[in-house]
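Residue numbers (my numbering), protein chains in the order written: chain X, 319 to 638; chain Y, 10 to 333; chain R, 68 to 369; chain H, 58 to 380.
Here is the structure:
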C-alpha cells in the first residue's frame with residue numbers, strides 16, 4: 319500500500335508538471351501579455367522602456383526559460399501575485415478551493431446517491447413506467463444547458479417567488495441555514511446536470527450485473543431479493559459506475575465553474591473564469607494547477623476504492 | 010519422405026503483467042516441441058486446456074511470435090524465408106477455427122468470405138472466383154445460393170462448412186483445424202467429422218487437428234501427439250496410442266473419457282489434481298505430482314521425448330507397457 | 068432454403084424503425100434544421116430581419132409580424148433564433164464529425180499497433196480527458212491566433228470565429244471515440260475472423276479496412292451522434308461567457324450572452340434560445356440512444 | 058410405493074410475452090424417486106435447461122407455465138414466489154455449467170458458502186464460516202481454511218465447480234440439479250467432479266437431475282434417462298434399456314452417430330439436417346424432418362410417449378407399444 323501510494327503520488331507529480339507546462343504555454347498564447355496591458359494603460363511608453371519592461375518581466379526570454387523561472391519560484395512556495403486583486407495568489411486560491419469543495423462535494427454526494435438509487439430502481443423495473451420516467455428525467459438532465467437551467471432557477475425561485483437568494487455567499491452569522499439557502503440553487507443545478515448521465519450508466523451497469531450468472535446462482539441459493547441486491551448485485555454494479563465517476567471528475571469541475579459563475583459562488587471555477595477573462599494569467603495558472611492536483615488526488619482515491627470493490631484488480635489497476 | 014510442416018524445438022512465451030517500470034514476466038505456453046506433419050497425413054494434437062495445443066497451432070501459422078526454435082515449411086525455415094515464399098506458405102496452410110460464430114466476418118456475404126483467400130493471394134478473376142465459390146459450396150454440402158447470404162443466416166454446423174470452404178478455396182496442402190467440432194451440437198459433429206474424412210479422401214489434404222475430443226481424434230487421425238503443460242509427452246500411431254498408451258497422462262486421459270453403455274460409473278482411478286501453473290511448473294517431470302507411478306527420479310530429472318518403438322516416442326522415465 | 072440475404076445493417080434498420088422516440092428525435096432535428104435554413108425566406112416574407120438592428124422597435128411583444136417579438140436591439144427574435152440555429156447546429160455537426168475522425172484514427176492506431184504506441188496514445192488520451200475542460204476551452208477560445216502565425220485578415224473574419232470553435236471543441240472532444248474505437252479494435256483483433264484473415268497473409272491495411280473498421284463503426288456512429296449534443300452544450304456555454312461566436316455572427320449560445328441581465332425584464336428572450344438548445348440536445352440524445360440499442364452487438368446475430 | 062420426490066405431468070413452459078411466446082417445453086412427463094438420478098439428454102434448444110429452471114422457479118420473465126410439477130407433493134408451478142424461494146437452496150439446489158461466472162467475483166468463496174447456512178438455517182456468521190470450511194473439505198479441497206478466504210478467480214476451474222457443489226449441498230437438499238456441470242471442464246477434471254457427485258449422492262442420499270448434451274457422461278451417472286427433442290420427451294426409461302435398446306429413431310441415431318474409441322468406422326452414421334428451432338417447430342413429430350422412417354402420418358399429430366417395455370417409453374408412431 320505504501321509503495322503503491324508513493325508510486326502513484328510520484329506519477330501524479332509528473333502529470334502535474336506536464337500539465338503545468340501545457341497550461342503555461344497555452345496562457346502564453348493568449349492576447350495581451352502584462353507588458354501590452356501596461357502599454358495600453360500608458361500610451362506614452364517609449365520603445366526603450368518597453369524593451370526594459372520586457373526584460374524585467376522576462377517576456378523576451380524563451381517560453382522554456384520563463385517556465386523554469388516560474389517553476390523554481392513556485393517550488394519555493396512563491397506562486398506570485400494576482401494582477402486584479404493585488405494579493406498573493408495563494409491567499410485567494412485557498413479559500414476559493416474550500417468553497418468549491420463544499421459546493422461540488424455536496425452536489426457529488428447527492429448526485430451519486432440519487433443516480434445509484436434511480437439507476438437500480440430503473441434496472442429492476444426495466445421497461446415499466448418507472449423506468450421510462452427515470453429515463454426521461456435523465457435525458458432532460460443530460461440535455462439541459464446548465465447555465466440556462468441556473469438562469470431559470472434564479473428567475474423562478476429568486477426573482478418571481480423570492481424564496482431563495484439569487485446568488486452570492488452566505489455571511490458567517492447566517493449559520494447553516496444561510497449556507498443551505500445559498501447552496502440550494504447551485505447544488506440543484508449541478509445535481510440535475512450531473513445525475514442524468516450517471517443514472518443511465520448506473521442503470522445499464524445494474525442491468526448488466528442482474529443478467530450475470532452469479533445472480534442466477536444467488537437466486538438458486540434462495541436468497542431474498544433484498545439480500546441478492548445488496549450483497550451481490552450492488553457491489554458489482556458499483557465497479558463500472560466508480561470508473562465513470564473517476565473519469566468525470568474533470569467534467570464535474572467544469573460544470574461547477576459555470577454554476578459558480580451563475581450564482582456568484584466564490585469558488586475556484588468562478589475565480590478561474592474571472593482570471594482568464596480579466597487577463598490575470600498568473601492567478602488563472604495557479605488556479606488551474608490546484609484544480610488539476612485535486613482531480614489527480616481524487617483519481618488516486620478512486621483507484622484505492624476500486625481495489626477495495628474488486629478483488630480482481632491489484633493496486634495499480636492491473637487485472638490479475 | 011520429408012515433412013511438409015515441422016516444428017523444431019519450438020517454444021512460445023507470452024508476456025504477462027509489466028508496466029512502465031516493471032519488466033513483464035514470460036509465461037511459457039509451448040516448450041521445445043518437435044513435431045512433423047507429413048504430406049497427406051492426419052495428425053491430431055490432444056491435451057487439456059493449458060496444454061499449449063492451440064498456441065502451437067497458431068505458432069505454426071505465424072500468428073503468434075515464436076520465442077525459440079523454428080517452424081519449417083517444405084524444408085524452409087519460415088523465419089528466414091523470403092516474403093514471397095511466406096505468402097505461398099500461407100496459401101498452402103489454411104486454418105479452421107473452433108467457434109463458427111466468431112470466425113466469419115458478420116459484415117461480409119458468404120461468397121465474400123470464401124473468396125477472400127483468393128483475393129488476398131491474387132488467384133483468378135472475379136468471374137472465376139465466383140465459379141470457385143459455387144464449386145466450394147457444393148463440395149462442403151451447401152446450396153449455391155448461400156453465397157449471397159450472410160453468416161448469421163446459417164446454423165453452427167452450416168457455418169463450420171462455410172469456414173471449411175474458405176480454407177479449401179486456395180487449394181491448400183494442409184488444414185490446421187483448432188477444435189473444429191467442440192462448438193457444435195452432437196448430431197452435427199458427426200456430419201462435420203464425416204465431411205473432414207471425405208474431403209481428405211477426395212483432395213488428399215494433410216490435417217493437423219487440435220482437439221480434446223479423443224473419440225473424434227480416434228475417428229479422424231493417423232497419428233496422435235499428446236501435450237501436457239506446453240510439451241509433447243507422447244507421439245504414436247492412433248491405434249497404438251488408444252490401445253497401449255505409454256505415457257501415464259495419455260492413459261489417464263483415455264480412462265477419463267466417459268463410455269456409452271459401460272453402466273453406471275464406479276468412482277475411483279481418476280487423475281488427481283489440476284494442470285499446474287506454467288509460471289511455477291513442478292521440478293523434474295511436470296506431470297509427476299499427478300502420476301500414480303512417479304518415483305524420486307521423476308521429481309528431479311526432466312524426461313526427454315525418446316523413441317520407444319516403431320513410430321512412437323514418449324517423454325517418461327517409466328513408460329507403461331501393458332494394454333489398457 | 069431460398070432465404071433472402073439480410074445484412075446486419077438491414078436488421079439494425081428494422082430495429083430502429085420500431086423505436087419511435089428515436090425516430091421522433093431524428094424528425095425534430097431534421098425539422099429544426101430545415102426551419103433554420105428557411106430563415107432568409109421567412110424574413111423576406113414577413114418583412115423583418117434577424118440581423119439588422121432597429122432601435123425603434125426594441126422589446127416588441129409577439130404579433131403578426133414579429134411572431135416571437137423582437138429583442139433588445141429590435142431584431143426579430145424568431146428569425147434570429149433560426150439564424151443562430153444554423154450556426155449552432157452546423158458547429159455541432161462539424162465538431163462531432165471532427166472529434167470522431169480524430170478519435171477513430173487515434174483509437175484504431177492504439178488498438179491495432181498495441182504495445183508502446185497504445186501506451187503513449189492512451190496516456191495522452193487520459194491526459195486530455197483529465198484537463199479541466201471549460202477553463203481550458205476558454206483559454207483556447209481566447210488564444211491570440213496571430214501568435215500562431217495566422218494572418219490578421221483571417222483572424223478578424225467571421226469564419227475564424229466559427230472554425231475556432233469547431234477546432235477547439237474537436238481538440239478536447241475526441242477522447243470518448245478514441246477509447247471506444249481502441250476497445251473495439253482490441254476486441255476485434257482477438258476475433259477469429261481477424262485471425263483467419265491474418266493467417267491468409269492479409270495486409271494490416273486490409274485487416275483494418277475490411278474487417279476491423281466496418282465492425283467497429285457502429286459505436287463510433289452512436290458516439291458521434293451523442294457528441295453532437297455535447298458540442299451544442301459546450302458551444303452555448305462558451306458563447307454565453309462571451310468567448311464563443313462573436314457578433315455580428317450569432318448562435319443560440321451567443322443570444323444568451325445578455326440573458327442574465329434580461330432575465331428580470333424580458334425573460335422570454337432568455338428562455339427561447341436555451342429551450343431550443345434543450346430541445347435539440349434531447350432530440351439528438353433520443354436518436355443516439357435509439358441508434359445505440361439498434362446497433363447493440365448483443366441483438367446482432369453473431 | 059411412496060409418491061415420487063419430483064413429478065412432472067404435462068409440463069409446459071412458454072417464454073416471452075403472451076401472444077408472442079415461444080413454447081420451449083411443450084408437454085413433458087417424468088418422475089424421480091428420492092436418492093436416484095434422472096439423466097436428461099438433448100441438443101441445444103431442446104428445453105433441458107428450461108426444465109431445470111422451471112423446477113427451481115428461475116425461469117426468465119416473462120413466461121407462462123402449464124401442467125403440474127410436484128416436488129414432495131407440492132406443485133411448485135402454483136407456489137407463491139416466497140414459498141419457492143424457501144425451497145431453493147434448502148431442499149432443492151442447482152449447479153451450473155460455468156463455475157467461473159456462476160460465482161460472485163467480489164465475494165470470498167467461504168462467504169458465498171456460509172451465506173446458504175445463514176439464510177436457510179439462521180446459523181450465526183462465525184459458525185457458518187466454520188461450517189463452510191468443513192464443506193470445502195467435504196468436496197475435496199485441500200487446505201480448506203485458506204481456500205475459504207480466496208476469491209473465485211484465484212481458484213482453478215475444477216475447484217470452482219467444487220465450491221459450487223459445496224454451496225449446493227450446504228443445507229443437505231433432497232434434490233440436486235446439475236445443468237451441464239462438467240461441460241466447461243477438461244476430461245480429467247470432469248472425471249473428478251463426476252466421482253465427487255456420485256460419492257456425495259451415496260453419502261447424503263439426495264436425488265439428482267443430471268442434464269448434459271453428452272450421452273457418455275449421462276450414461277455413467279443416470280439411473281433413468283429422459284431424451285428430449287424440441288421441447289418434448291422422445292424416449293424415457295431405465296438407463297441401460299434406453300442405451301442398449303433405443304426405440305426412438307432420434308435416440309438410436311444419437312447413439313450411432315457418436316464415434317467410439319473402441320471401434321473405428323469408415324463413415325459415421327449421421328442424423329441429417331439441423332436441430333429444430335423451437336420458434337419454427339413443425340406440427341406433428343418435431344423430428345420427422347430428420348427421420349429416415351418418417352411418413353405422412355408423422356406430420357399429422359404429435360406422437361404420445363407410449364410404453365414399449367417395463368418402465369421404458371418412446372414417442373414415435375413407428376414403435377410398437379408393449380403388450
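Heads up, the beta-carbon is just placed ideally off N, CA and C, and yes, glycines get one too. Here the structure is a predicted model, which means the values were calculated and not measured.
Collapsed DSSP secondary structure at residue i in the structure displayed
i                      : result
residue 85 of chain Y  : strand
residue 628 of chain X : coil
residue 540 of chain X : coil
residue 295 of chain H : strand
residue 20 of chain Y  : strand
residue 549 of chain X : helix
residue 68 of chain Y  : helix
residue 286 of chain H : strand
residue 418 of chain X : helix
residue 267 of chain H : strand
residue 361 of chain H : coil
residue 237 of chain Y : strand
residue 222 of chain Y : coil
Proximity below 8 Å, CB of residue i to CB of residue j
i                      : j                      : result
residue 146 of chain H : residue 268 of chain Y : no
residue 158 of chain R : residue 229 of chain R : yes
residue 222 of chain Y : residue 51 of chain Y  : no
residue 575 of chain X : residue 107 of chain R : no
residue 157 of chain H : residue 217 of chain H : yes
residue 21 of chain Y  : residue 75 of chain Y  : yes
residue 245 of chain H : residue 225 of chain Y : no
residue 320 of chain R : residue 83 of chain R  : no
residue 173 of chain R : residue 348 of chain X : no
residue 206 of chain Y : residue 173 of chain Y : no
CB contact check: residue i to chain Y, cutoff 8 Å
i                      : result
residue 251 of chain H : yes
residue 269 of chain R : yes
Beta carbon proximity, residue i to chain X, threshold 8 Å
i                      : result
residue 196 of chain H : no
residue 209 of chain R : yes
residue 120 of chain H : no
Closer than 8 Å to chain H by CB, residue i
i                      : result
residue 267 of chain Y : yes
residue 638 of chain X : Its pLDDT being 36, under 50, residue 638 of chain X is placed unreliably in this model, and the value from its coordinates should be taken loosely. Closer than 8 Å to some Cβ of chain H, the Cβ of residue 638 of chain X qualifies, so yes.
residue 387 of chain X : no
residue 25 of chain Y  : no
Chain R within 8 Å of residue i, Cβ atoms only
i                      : result
residue 504 of chain X : no
residue 106 of chain Y : yes
Along the stretch 316-349 of chain R, what residues have a CB closer than 7 Å to any CB found in chain X?
-> 323, 326, 327, 330, 331, 334, 337, 341, 344, 345, 348, 349
Please determine if the stretch 240-247 of chain Y and the stretch 77-91 of chain Y are in contact, where contact requires at least 3 C-beta pairs separated by less than 8 Å.
-> no
Near-chain R residues of the stretch 40-65 of chain Y (beta-carbon distance less than 7 Å), N- to C-terminal order = none
The stretch 551-567 of chain X touching the stretch 457-475 of chain X, judged by at least three CB pairs closer than 8 Å = no
Taking three-plus beta-carbon pairs below 8 Å as touching, is the stretch 237-244 of chain R in contact with the stretch 287-301 of chain R?
-> yes
At least 3 beta-carbon pairs within less than 8 Å: the stretch 268-285 of chain R vs the stretch 432-440 of chain X | no
When you check each C-beta in the stretch 313-326 of chain H against every C-beta of chain Y, which residues fall closer than 7 Å?
-> 314, 315, 316, 317, 318, 321, 324, 325
Are three or more beta carbon pairs between the stretch 280-293 of chain H and the stretch 241-260 of chain H nearer than 8 Å?
-> no
Using Cβ-Cβ distances below 8 Å, what residues of the stretch 136-150 of chain H are close to chain X?
-> 142, 143, 144, 145, 146, 147, 150
When Cβ atoms are compared, which residues of the stretch 554-577 of chain X fall closer than 7 Å to chain R?
-> 565, 568, 569, 571, 572, 575, 576
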